[in-house]
(Lines of atoms letter the chains of each structure in order from A; the text may use other names.)
(Lines give C-alpha, C1' and ligand atoms only; values in the text may rest on other atoms or scores of the structure.)
Protein backbone atom coordinates (compact mmCIF):
# COMPACT_ATOMS: atom_id res chain seq x y z
CA UNK A 929 0.00 0.00 0.00
CA UNK A 930 1.36 3.39 -0.98
CA UNK A 931 1.16 6.29 1.45
CA UNK A 932 -0.21 9.52 0.11
CA UNK A 933 1.00 12.95 1.13
CA UNK A 934 -2.16 13.26 3.22
CA UNK A 935 -1.30 9.98 5.03
CA UNK A 936 2.21 11.24 5.75
CA UNK A 937 0.73 14.45 7.16
CA UNK A 938 -1.38 12.41 9.61
CA UNK A 939 1.71 10.49 10.74
CA UNK A 940 3.58 13.77 11.26
CA UNK A 941 0.70 15.25 13.28
CA UNK A 942 0.61 12.14 15.52
CA UNK A 943 4.40 12.20 16.00
CA UNK A 944 4.40 15.93 16.80
CA UNK A 945 1.56 15.49 19.30
CA UNK A 946 3.54 12.80 21.14
CA UNK A 947 6.54 15.15 21.20
CA UNK A 948 4.47 17.89 22.82
CA UNK A 949 2.85 15.67 25.43
CA UNK A 950 5.43 12.98 26.23
CA UNK A 951 6.74 12.43 29.74
CA UNK A 952 10.04 10.79 30.70
CA UNK A 953 9.50 7.19 31.82
CA UNK A 954 5.95 6.98 30.45
CA UNK A 955 4.74 4.95 27.49
CA UNK A 956 2.91 6.99 24.89
CA UNK A 957 0.86 6.34 21.79
CA UNK A 958 -0.01 9.16 19.41
CA UNK A 959 -2.85 9.15 16.94
CA UNK A 960 -4.25 11.42 14.28
CA UNK A 961 -7.62 11.01 12.61
CA UNK A 962 -9.01 12.62 9.48
CA UNK A 963 -12.80 12.89 9.41
CA UNK A 964 -14.97 12.76 6.33
CA UNK A 965 -15.16 16.56 6.47
CA UNK A 966 -11.31 16.57 6.27
CA UNK A 967 -10.80 17.84 9.85
CA UNK A 968 -7.71 16.44 11.56
CA UNK A 969 -7.86 15.55 15.25
CA UNK A 970 -4.95 14.27 17.34
CA UNK A 971 -4.43 12.84 20.81
CA UNK A 972 -1.89 11.04 22.99
CA UNK A 973 -2.43 8.15 25.38
CA UNK A 974 0.04 8.24 28.30
CA UNK A 975 0.59 5.27 30.59
CA UNK A 976 2.92 5.25 33.57
CA UNK A 977 5.19 2.27 34.15
CA UNK A 978 6.09 1.07 37.61
CA UNK A 979 8.63 -1.54 36.60
CA UNK A 980 8.91 -5.16 37.67
CA UNK A 981 7.03 -6.10 40.82
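Numbering (this note's numbering), first residue to last: 929 to 981. Glycine included, every Cβ here is placed at the ideal spot set by N, Cα and C.
Check, Outcome
"C-beta contact flag for residue 968 and residue 962 at 7 Å", "yes"
"Alpha-carbon to alpha-carbon, residue 941 and residue 950", "14 Å"
"Residue 946 and residue 956 closer than 7 Å at C-beta", "yes"
"Residue 992 (DSSP reduced to helix, strand or coil)", "No answer is possible for residue 992: the residues shown for the chain start at 929 and end at 981."
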